[in-house]
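One structure is given below, encoded as structure tokens.
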């Protein structure tokens, strides 16, 4: 199986059961080895008490992009920790894009950056995550 | 107005519109100045592609507890950044508790810790957030 | 060898070569499995451009405490990432204590908290680190 | 005074007293509004117990670059928190470059990224810091 096939099958296996990513209305725009770009639209049920998108919703979209990027090598990988910086709020109806890139991928651990933007290309939040790569294969060749 | 009244009214004002906290099924157990304890039950729609709770759901509950704690002084406060460490997964049906404590509250900024546990009192995740305190009052005396 | 012996020998092996910890003037007050408490005195050469202790010096002391705590099990462990929150400055002559505790220790990874205080027992900074535990033994039984 | 002049004078005012940056042997390569690039050489006294550069030394160089970048607007700015991810070790004699860029600069807070590299252009560590901007001016016009 090619590396691209592995990435595709790993993503398909994850998406099949990922109910929360589905609830978020996430659409995958691009995906490959160590990479994932996705978007979703902010709905009223995603707002917090100040009428803007809940920080947890932005984190969640970034965390999904991170998971899809770090599992793209076909080895089950889990988040150890993540940091998010909030730059700008998003409102109902805004289309939010999350783009995850691999910063480093070692044998056991990997680091990933996710940038969240609105449709004006303004940065909303910056996420950085650390993954632990288990021995379990997501895809059987 | 007493400080407890301010905290109560700030929380009420936030909860009235906080649709995502409502979607999470969050119940506030205790709330006061610089403090918030809440819980929710993991539903199937909160699971990720590996059949465990999505990291973003744990972050979201922590972020809500953080917001309720840092806004309890009656001044509108927003998250600048937050870090989360994932210790243990949670499954459907698990009751997750998030307890936020104030580590430091300066004139303009505050630091908060949130501990997430399951009903066996096992730590699931540890969250640390930094808040910026605006001049806008949440509660008019 | 008992677990306490392993911790002691691991610390001794590290300290023998740890030139920067020595430069910091760090004294170990207490050390055991998953734990380390140490202190140092702020010298003029540790100050930044504002005449207070350089943030990197506080981080360094915390990072040493973290390293001594996470290597105490006798397996060579390295920092993956760390976060520090700065609560209060320290000045020349201040005695700074750093106390590291293990939050979680899995087979491959561990999480640690380090609290930095001055001699008035005021918190100066809070550090949280993630370690990767290699297979290499620090101590041969 | 032009903005470039303000940045220059702010840097000069900080460097005059920054003893720890001096101890690190830091040389400023480039500096301007929201930006700083510097380098230093790893000396034997900067090594940890494993014979590689102490994590605190890498953090310190990043923290200096961050401080010089966020104070470049002429308003005294202090670090609230920072996160560092360690990708690759550095050894004695290595020349380490730290490049700080402004991600966002609001009225009261700012976010900065610092990338640390060795002379082979390999990333050693990634630092992200949050600054609070006080009202105090560093430079009097």
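Chains as they are written, first to last, in our numbering: chain A, 19 to 159; chain B, 19 to 159; chain C, 19 to 159; chain D, 19 to 159.
We put the CB at the ideal spot given by N, CA and C, even for glycine.
Return the residue from the list the options that minimises the CA-CA distance to residue i.
| i | options | result |
| --- | --- | --- |
| residue 38/B | 86/A, 116/A, 84/A, 65/A | 65/A |
| residue 40/D | 123/C, 72/C, 111/C, 133/C | 72/C |
| residue 104/D | 90/A, 87/A, 123/A | 123/A |
| residue 133/D | 158/D, 101/D, 157/D | 101/D |
| residue 127/B | 108/D, 144/D, 148/D | 148/D |
| residue 51/D | 26/D, 42/D, 94/D, 31/D | 26/D |
| residue 129/D | 107/D, 87/D, 67/D | 87/D |
| residue 67/D | 49/C, 32/C, 53/C, 67/C | 32/C |
Tell me whether residue i sits in a helix, a strand or coil according to DSSP, three-state version.
| i | result |
| --- | --- |
| residue 126/B | coil |
| residue 103/D | strand |
| residue 113/A | strand |
| residue 6/D | In this structure chain D extends from 19 to 159, so residue 6/D is not present and cannot be described. |
| residue 77/A | helix |
| residue 21/D | helix |
| residue 87/C | helix |
| residue 42/D | coil |
| residue 63/A | helix |
| residue 97/B | strand |
| residue 30/D | helix |
Can you list, in chain order, the residues of its chain whose CB lies under 8 Å from that of residue i, leaving out five sequence neighbours each side?
| i | result |
| --- | --- |
| residue 47/B | 55, 56, 57, 115 |
| residue 62/D | 110 |
| residue 112/C | 59, 60, 71, 136, 137 |
| residue 99/A | 147, 148 |
| residue 144/B | 102, 103, 105, 131, 132, 133, 134 |
Tell me which same chain residues have a C-beta within less than 6 Å of the C-beta of residue i, skipping the five on either side of it?
| i | result |
| --- | --- |
| residue 131/A | 119, 121, 146 |
| residue 77/A | 102 |
| residue 158/C | none |
| residue 94/B | 152, 154, 156 |
| residue 107/A | 70 |
| residue 24/D | 92, 157 |
Got a sec? Which residues, its chain only, sit under 7 Å from residue i by beta carbon, not counting five neighbours each side?
| i | result |
| --- | --- |
| residue 44/C | 56, 58, 79, 82 |
| residue 28/A | 89, 90, 92, 156, 157 |
| residue 150/D | 95, 96, 98, 126, 127 |
Is it right to say residue i is buried, meaning 16 or more other beta carbons lie within 10 angstroms of its own, or is it exposed?
| i | result |
| --- | --- |
| residue 74/B | buried |
| residue 125/B | exposed |
| residue 89/C | buried |
| residue 22/D | exposed |
| residue 152/D | exposed |
| residue 154/C | exposed |
| residue 97/C | buried |
| residue 69/B | exposed |
| residue 30/A | exposed |
| residue 19/A | exposed |
Quiz item: How about the stretch 105-121 of chain B and the stretch 70-87 of chain B: do they share at least three Cβ pairs that are nearer than 8 Å?
Solution: Taking a cut-off of 8 Å on C-beta distances, the stretch 105-121 of chain B touches the stretch 70-87 of chain B, as three or more cross pairs fall below it.
Quiz item: At a cut of 8 Å, does the stretch 21-41 of chain C reach the stretch 138-155 of chain B through at least three beta carbon pairs?
Solution: Short answer: they don't touch.
Quiz item: Relative to chain F, which residues along the stretch 77-103 of chain D have a C-beta separation below 9 Å, given in chain order?
Solution: Chain labels in this structure do not include chain F; the protein chains are A, B, C and D.
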